[in-house]
Structures are given as structure tokens and as C-alpha cells.
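*Asks:*
Chains as they are written, first to last, in the working numbering: chain A, 324 to 434; chain B, 8 to 299.
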């Protein structure tokens, strides 16, 4: 049993633990076989990850399908450097936001 | 005979607020709503009655309650149902959020583009709300409202001191300097101070006004440091990703104590942001209506 990010869930997976909202109210119980409708509920309630029966803990990682050429990556990285000049780019949060900005720029195809 | 001059010095914080507070006022209905919500013996019916007098407000609140931001399954087709399901305090914060974008009219467009300004503000509100949901906070709507209001101090500056603020904007852009630092150097206070003071004058709850005042210095918040930290991080996220634009060309520094207080793992940010983006355009359309 392991946690899986809501975005990586698929219908047919079985909940390994109860899903509760921020007030502790039960949304979906252990053993629920997830349908598309359930996936919708989980997303709209802001549930980030859930326990899935039979999933190994390796399932938690990023399921990134986007691959970017290293040259493009460094070109965008250079371009956005001025934006982050007052931020501490060794901080994990800032590093993550820089990564997301680069992915965003690459996805929008401005390069 | 010498008289004590109590007129605030030109370009001081108080002067700025005095100059604009008669121009920018919240709709009277918001005061009535606050009054009825705070009254110990008021009922859902009383609250419904106040809101229903304003058809525009009613329509926008219901649209918001039925938008993907909330994601309720059953349709919320009346204010009474919204108050029951979402909660009266939350409804009050939502009323503030849907009212405020109409308050600021006549801001010089050469200084600030209202469309991108509100895009940034609304993105910040939605992001702050998503961070609060991640942390399983109880009243996420006031965080949403505070996010939407966080930069209104900039609008006050645009309106009251357009020449000075115009110079600061140009300097910020050309030197890639932090606009908030330029504001403090030139004026002795920042747009966060102005926003906080205006909301105080408007008698907005401190749980919203203080996070606005402290969104660049969340550690300075005495009562609501967590709420201030939500707005602080949300602002940084929106600037990092280029969601809207409020005059600042660079990402402001992240306050370490605020980051630690939030206790959100860095690798959760992508997931949180993924939930924010689909909500941006619809929420903006609801809050701004047909405004250009």
C-alpha cells in the first residue's frame, strides 16, 4: 500500500485508507473502487494524495511526461534569471518554482 | 497664537488614505452584511434578506458558490443554502471578494493595467486559498479575500500620487529592482502598509487586514502570521509563474520563518498549482464580470 498523487490516480484503483476532508468528515471509505466521478470529487476537494491498496511507495514520484532538451532548458533558465534575482535560488521552494516556470515556458512553446 | 496643525504631511501614509478613503468605499450593503452577521441573534434569514436586496451581489455569490472553486455536487441555488453549506463568515469574506474589484475605478491606465492587476490579485487569492486547503484550515474564504486584496495599496498609490508612483514603476522595470523597496525608500512606507490601513478604515476584519498589511513581512503579523504567510507565499508563486501583473517585475524574497511556519513540502507546490490554474479564468470572469 502506498500514497499516490491525485493526478496520477486512475479509475479502478482501490482506496487503501479513508479519505477525509479538512474537518475530518468522511469523503470516501477504505475499499472504494475509484470511478471517474470519485477522481473529480478528490480534485475539487483539494485532496492531494490518497492511499491506494497494492500500490508500492515508489508511485509517489513525479509522473512527468514532458522532456525538454538541455539546451532549451538552459536558454529558458537564463532568460528567467532576472526575475529571480532577489530570491534565494538555493531555497527548495524557489528552486521548485523556477523549475515550474521553465516547464511552463517550454510547454507554452514561446521558445 | 500658534495652532497645532493636525493635517497629515503631504505624501504621508495618512495623507494618502485621507485623500482616497472618500473616493474608494465599499458598497453599503457590505457594512449591513457585517452588521447582521456579527449580531448575536441574527438568523440565516436575516443574512439572506440583506444580500438579496442586491441582485448583482446575489448573482455573483451564487455563481462563485457553484464554480469549480467549490466543486459542490448539488446546485447552490439560493443565498440561504449558500449560507448554510458554506457558512456565514465565509459568505461575508466572499461578498468582500466579489465587491472589491468594482470599487477601484478611474485608476490611470498608463500606470496599471486593471485586467492584469486583478488577474494577479485573483490568482494570488486562489493560490492562497489552495495553500490553506492543503493545510486543512477552517476558514479558507478569508484567505481568498485577503489574497484578492493584497495589492490594493498599489491602486491607492496610483490614484493619489500618480507621478511619484509612475517614477517608481519605471525604476523598478529598468533596474529590475524590488518595487516594494523603492516604495519604502521614497515614501517611508509600502503598498502593503497602505492596503492594510485602507482595510482598517473600511472596518474589514483584522483576519483579512493584517495579512494584507504583512504580506511582505509575515513574521511581523501579531495575530494572523499563518494567514499572512499564505498570502506571502501565494504572491511569490504567482509572480514566479507570471500569473497576472501588478507592477512588480521581480519575485520578492521568501521569508524563511514564513516558509517554515507553513510546513508545506516544496514538492507539493506543483500539485497545489495544478489545482489553481483551471480555476483562474472562470473565477476571474465571475469576480470582474464584463469589466475590460
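A virtual CB, placed ideally from N, CA and C, is assigned to each residue, including glycine.
Under the three-state reduction of DSSP, which class applies to residue 374/A: helix, strand or coil?
*Replies:* strand
*Asks:* Are the Cβ atoms of residue 184/B and residue 110/B separated by less than 9 Å?
*Replies:* no
*Asks:* Which value, in whole angstroms, describes the spacing of the CA atoms of residue 422/A and residue 43/B?
*Replies:* Distance between the alpha carbons of residue 422/A and residue 43/B: 47 Å.
*Asks:* The alpha helix (DSSP H) spanning residue 203/B covers which residue range?
*Replies:* First-last of the alpha helix (DSSP H) with residue 203/B: 198–208.
*Asks:* For residue 238/B, which residues of its own chain have a beta-carbon under 6 Å away from its beta-carbon, when the five flanking residues on both sides are left out?
*Replies:* 135, 153, 154, 157, 218, 222
*Asks:* For the alpha helix (DSSP H) containing residue 160/B, name the first residue and the last one.
*Replies:* 159–167
*Asks:* Exposed or buried, what is residue 6/B when buried is set at 16 or more other beta-carbons lying within 10 Å of its beta-carbon?
*Replies:* In the structure as shown, chain B starts at 8 and stops at 299, and residue 6/B therefore has no counterpart that could be examined.
*Asks:* Three-state secondary structure (DSSP) at residue 342/A?
*Replies:* strand
*Asks:* Who are the Cβ neighbours of residue 24/B in its own chain at under 8 Å, not counting the five residues just before and after it?
*Replies:* 163, 201, 204, 205, 208
*Asks:* For a test of the three-state rule: what should DSSP assign to residue 399/A, helix, strand or coil?
*Replies:* helix
*Asks:* Go to residue 271/B, then tell me how far its alpha helix (DSSP H) extends in each direction, as first and last residue.
*Replies:* Careful: residue 271/B lies outside any alpha helix (DSSP H) and carries neither H nor E.
*Asks:* Go ahead and pull the three-state DSSP assignment for residue 36/B.
*Replies:* helix
*Asks:* Quick one: what's got a C-beta closer than 6 Å to residue 2/B's C-beta in the same chain, skipping five residues either side?
*Replies:* Past the boundaries of the shown model lies residue 2/B; chain B is included only from 8 to 299, so the question cannot be answered.
*Asks:* On the three-state DSSP scale, how would you describe residue 326/A?
*Replies:* strand
*Asks:* Which residues in chain B have a C-beta closer than 8 Å to the C-beta of residue 429/A? List them in chain order.
*Replies:* Correct list: empty, because the minimum Cβ distance to chain B is about 13 Å.
*Asks:* Which term fits residue 225/B, buried or exposed, when burial requires 16 or more other beta carbons within 10 angstroms of its beta carbon?
*Replies:* With a threshold of 16 other beta carbon atoms within 10 Å, residue 225/B meets it and is buried.
*Asks:* Quick check on DSSP: helix, strand or coil for residue 356/A?
*Replies:* strand
*Asks:* So for residue 337/A, helix, strand or coil by DSSP?
*Replies:* strand
*Asks:* Rounded to the nearest angstrom, what separates residue 274/B and residue 103/B at their Cα positions?
*Replies:* When the Cα atoms are used, residue 274/B and residue 103/B turn out to be separated by approximately 32 Å.
*Asks:* Please classify residue 350/A: does DSSP put it in a helix, a strand, or coil?
*Replies:* Three-state DSSP puts residue 350/A in a strand.
*Asks:* With burial defined as no fewer than 16 other Cβ atoms inside 10 Å of the residue's Cβ, what is the status of residue 160/B: buried or exposed?
*Replies:* buried
*Asks:* Work out the CA separation of residue 19/B and residue 168/B for me, nearest whole Å.
*Replies:* 11 Å
*Asks:* Should residue 158/B be listed as close to the ligand GTP, given that the test is whether its C-beta is under 8 Å from any heavy atom?
*Replies:* In the structure on display, the ligand GTP does not appear, and there are no ligands present to speak of.
*Asks:* Chain B beta carbons: is any one of them nearer than 9 Å to that of residue 336/A?
*Replies:* No, because no Cβ of chain B sits closer than 9 Å to the Cβ of residue 336/A.
*Asks:* What whole-angstrom Cβ distance do residue 234/B and residue 246/B have, given they're in contact under 8 Å?
*Replies:* Taking a contact as a CB-CB distance under 8 Å, the pair residue 234/B and residue 246/B does not count as one, their CB atoms being some 19 Å apart.
*Asks:* Tell me the residue span of the alpha helix (DSSP H) that contains residue 218/B.
*Replies:* Residue 218/B -> alpha helix (DSSP H) spans 213–220.
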